[in-house]
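Below is one structure, written out as structure tokens, with a few remarks after it.
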Amino acid sequence: MSTRKPYVGGNWKMNLKQDSAGALARGVVDSCEPWQGSVDIAVFPALPYLLSVHSIIRSHATTIAVGSQDVYHEDDGAFTGEVSCAMVADCGCKSVLAGHSERRHVIGETNAQVNLKVRAAIEADLDVVLCVGETLEQREAGQTDTVNAQQVREGLAEVGQRQMDRVVIAYEPVWAIGTGKTATPEDAQDAHAKIRGLVGEIYNPDVAERVRIIYGGSVKPSNAASLFGQPDIDGGLIGGASLKVEDFAAIVRAAAEG
Ligand code: PGA
215 MSTRKPYVGG NWKMNLKQDS AGALARGVVD SCEPWQGSVD IAVFPALPYL LSVHSIIRSH
275 ATTIAVGSQD VYHEDDGAFT GEVSCAMVAD CGCKSVLAGH SERRHVIGET NAQVNLKVRA
335 AIEADLDVVL CVGETLEQRE AGQTDTVNAQ QVREGLAEVG QRQMDRVVIA YEPVWAIGTG
395 KTATPEDAQD AHAKIRGLVG EIYNPDVAER VRIIYGGSVK PSNAASLFGQ PDIDGGLIGG
455 ASLKVEDFAA IVRAAAEG
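Residues 215 to 472 in this note's numbering are what the sequence shown spells out, letter by letter.
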């Protein structure tokens, strides 16, 4: 890994209840303590538990951030069921995910919607993890690079150079998410390097050098070190393994050591 500070996020998805989310948050705080300074760590609980997880994390005076798995781009108004950036910030969130593949492919979010979320989050002073990645069909059709490029370009449309300090890009090949299949470190590195090159084209080499590009898709303790050892992989977005304290801590440690 480079001089970029590694970033590891735990995406808890639609799992856990108040008690189990609280227990997991306490476990993460305790077990990740040694790497708090060297890795940016965030957990993304389901919306109803943002406040309770944040209050546990805050009471431990840790640098671990709480984030929201999604937001709506409008500030307020008649948008039944949606939640604004200001609301999640008010619940203690420091960051949000935008364009997770489950939102793109299960809920049907478009690049344009993802871009509105990215911009709304930045406007609200939240960090944003922009998720991109190809489906198996697209990979087999040789479209990996064009799909990633389009999702990055459209996801970052009208995001200024300075605002890029708030953005982390997560490359998550859809076929690797929750499937137990992981991209090889070489394939992941190749995709990351291309995304970094594209950020350089859109902005400049300095922004490209600074932006963190993390990998997601069946990251576990056994493969984390080889992924994070790649020059353009700056950490991970972790789903299944983030629900087990020991596994998540081992992944954070691999990022610290990568
Ligand atoms: P996974 O999920 O680690 O369970 O594959 C990753 C993600 O969806 O962010």
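C-beta: ideal position from N, C-alpha, C; glycine also. None of the values given here were measured: they were computed from a predicted structure.
**Request:** Verify the CB distance criterion: does E471 have a CB-CB separation below 9 Å to chain C?
**Result:** In summary, chain C is missing from the structure at hand, where a single protein chain is found.
**Asked** Expressed to the nearest angstrom, what Euclidean distance is found between the alpha-carbon atoms of D284 and G449?
**Response** What you label residue 284 is simply residue 70 of the sequence shown in a count that begins at 1. What you label residue 449 is simply residue 235 of the sequence shown in a count that begins at 1. One C-alpha to the other measures close to 20 Å.
**Request:** Just grab the DSSP bridge partners of N225 for me.
**Result:** As a position in the sequence shown, residue 225 is number 11, starting the count at 1. Here N225 is bridged, per DSSP, to F258.
**Asked** How would you call L350, buried or exposed, if buried means at least 16 neighbouring beta carbons within 10 angstroms?
**Response** Looking up residue 350 in the sequence shown gives position 136. When all chains shown are included, L350 counts as exposed.
**Prompt:** With contact counted as at least three CB pairs below 8 Å, one residue from each stretch, are the stretch 415-423 and the stretch 440-449 in contact?
**Reply:** The stretch 415-423, when compared against the stretch 440-449, does not touch it at the 8 Å Cβ threshold.
**Request:** State the Cα-Cα distance for the pair V332 and S282, rounded to the nearest angstrom.
**Result:** Looking up residue 332 in the sequence shown gives position 118. Looking up residue 282 in the sequence shown gives position 68. Whole-angstrom Cα-Cα distance: 13 Å.
**Message:** On the DSSP letters alone, give me the boundaries of the beta strand (DSSP E) that S216 sits inside.
**Reply:** The sequence position of residue 216 within the sequence shown is 2, counting from 1. Element bounds for S216: n/a, residue is neither H nor E.
**Request:** Report the residue from A371, Q365 and T358 whose alpha carbon sits nearest the alpha carbon of C345.
**Result:** For the purposes of this step, residue 345 is taken as the residue at position 131 of the sequence shown. Per the Cα distances, Q365.
**Prompt:** W226 to Q375, Cα distance in whole Å?
**Reply:** Locating residue 226 in the sequence shown gives position 12, counting from the first residue. Locating residue 375 in the sequence shown gives position 161, counting from the first residue. Computed Cα separation, rounded: 30 Å.
**Asked** Under the three-state reduction of DSSP, which class applies to I447: helix, strand or coil?
**Response** In the sequence shown, residue 447 corresponds to position 233, counting from 1. Under the three-state reduction of DSSP output, I447 falls in the coil class, being neither helix nor strand.
**Request:** Go ahead and label I255 buried or exposed: buried means 16 or more other beta carbons lie within 10 angstroms of its beta carbon, across all protein chains shown.
**Result:** Residue numbering aside, residue 255 sits at position 41 when the sequence shown is read from its first letter. Counting Cβ neighbours within 10 Å, I255 comes out buried, since at least 16 surround it.
**Distance, G369 Cα to G472 Cα** = As a position in the sequence shown, residue 472 is number 258, starting the count at 1. As a position in the sequence shown, residue 369 is number 155, starting the count at 1. Between G472 and G369, the C-alpha separation is close to 28 Å.
**Item:** C190 versus I336 - alpha carbon distance
**Value:** Beyond the ends of the chain as shown, which are 215 and 472, falls residue 190; an answer cannot be given.
**Item:** I321 burial status per 10 Å Cβ neighbour count (16 or more: buried)
**Value:** Within the sequence shown, numbered from 1, the residue matching residue 321 stands at position 107. I321 is exposed by the Cβ-count criterion.
**Prompt:** In angstroms, rounded to a whole number, what distance separates the CA positions of M215 and I447?
**Reply:** In the sequence shown, residue 215 corresponds to position 1, counting from 1. In the sequence shown, residue 447 corresponds to position 233, counting from 1. Only weak support exists for where M215 lies, its pLDDT of 47 falling under 50; the value from the coordinates is given anyway. Approximately 7 Å, taken between the alpha carbons.
**Message:** I'd like the ranges of any beta strand (DSSP E) spanning at least 3 consecutive residues and lying wholly in the stretch 250-327.
**Reply:** Inside the stretch 250-327, DSSP marks whole beta strand (DSSP E) runs of 3 or more residues at positions 254-258, 279-282 and 307-312, from first to last along the chain.
**Request:** Pull up the CB-CB distance for Q250 and T276, whole angstroms please, since I reckon it's below 8 Å.
**Result:** The sequence position of residue 250 within the sequence shown is 36, counting from 1. The sequence position of residue 276 within the sequence shown is 62, counting from 1. Approximately 6 Å separates the beta-carbon atoms of Q250 and T276; this is inside 8 Å, confirming the contact.
**Prompt:** Should M378 be labelled buried (16 or more other beta-carbon atoms within 10 Å of its own) or exposed?
**Reply:** Against the sequence shown, residue 378 aligns to sequence position 164. M378 is classed as buried because its beta carbon has at least 16 other beta carbons within 10 Å across all chains shown.
**Request:** Have a look at D237 and S309 and give me their C-alpha separation to the nearest angstrom.
**Result:** By 1-based counting over the sequence shown, the position of residue 237 is 23. By 1-based counting over the sequence shown, the position of residue 309 is 95. The question names Asp, yet the displayed sequence has Ala at residue 237. Straight-line Cα distance between these residues: approximately 21 Å.
**Local Cβ density within 10 Å of R410, reported as buried at 16 or more and exposed below that** = Residue numbering aside, residue 410 sits at position 196 when the sequence shown is read from its first letter. Of the residues assessed, R410 falls on the buried side of the cut-off, its CB having 16 or more other CB atoms within 10 angstroms.
**Request:** Take A303 and list the residues in its own chain whose beta-carbon comes closer than 8 Å to its own, dropping the five residues that flank it on each side.
**Result:** Counting from one through the sequence shown, the residue named residue 303 turns up at place 89. Taken in chain order, the residues that qualify are A338, D339 and L340.
**Asked** Mind checking whether the beta-carbon of A384 lies closer than 8 Å to any heavy atom of ligand 1?
**Response** In the sequence shown, residue 384 corresponds to position 170, counting from 1. Yes, the beta carbon of A384 sits closer than 8 Å to at least one heavy atom of ligand 1.
**Request:** For N225, verify whether its CB is less than 8 Å away from any heavy atom of ligand 1.
**Result:** Working through the sequence shown from its first residue, we reach residue 225 at position 11. Short note on N225: C-beta closer than 8 Å to some heavy atom of ligand 1.
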